[in-house]
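Read the structure below first, then the notes.
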Amino acid sequence: MIYFSNKANIRQDMIASIACHLAIRKAMGIAPKIPTQRHWDVLNSYLQPLKDYPMELDEFLRHWDVSREELAFICDCSLTTVNHWFSQGVDQRIPSEKHKQRLALAHHIWTAIQTEPEYLQKLRDVYHQKRRRNPAK
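And the structure:
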């Protein structure tokens, strides 16, 4: 547990604590990793739908049977906003580019995990179980 002597020293104490933590990790051979080109390529492959291929709501709904509440979660908006997408007349709204990008990302991730080899799914499950048992790591 970190003890902060007073409010004026909180920032300095936090910086010292972080520096100490990083030094310990480095000494133990577990220093922060520098992302390789492969890391950047994979990240870009996940972010690509956000940049180039926003997905229309009707197209997303042709692929996935989700509720309006789930759409609100995916698009990070209110249920009221989603309900306006399905309204007729003056109350009707269309999803913003941000919403379409989030639909594309959800579609991309969900499609990727469907085609992912079973052994990778098992490795991910083992990793998450291990992290739950050792939350400090």
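The opening residue of the sequence shown carries number 121 in our numbering; numbering runs sequentially from there.
The C-beta atom is built at its ideal place from N, Cα and C for all residues, glycine as well.
Item                                                                                                                                           : Value
How do the segment 182-194 and the segment 233-249 stand: do at least 3 beta-carbon pairs fall below 8 Å, yes or no?                           : no
What number of angstroms, rounded off, separates the C-alpha of tyrosine 247 from the C-alpha of leucine 240?                                  : 10 Å
Report the three-state DSSP secondary structure of phenylalanine 206 (helix, strand or coil).                                                  : coil
Based on Cα-Cα distance, which residue from Ser187, Asp178, Asp211 and Trp160 lies nearest to alanine 224?                                     : Asp178
Whole angstroms are fine: how far does the CA of arginine 158 sit from the CA of histidine 187?                                                : It should be pointed out that residue 187 corresponds to serine in this sequence rather than to histidine. Going from the Cα of serine 187 to the Cα of arginine 158 covers about 36 Å.
Quick test of your reading: histidine 204 and aspartate 211, contact by CB under 8 Å. State the CB separation rounded to the nearest angstrom. : 6 Å
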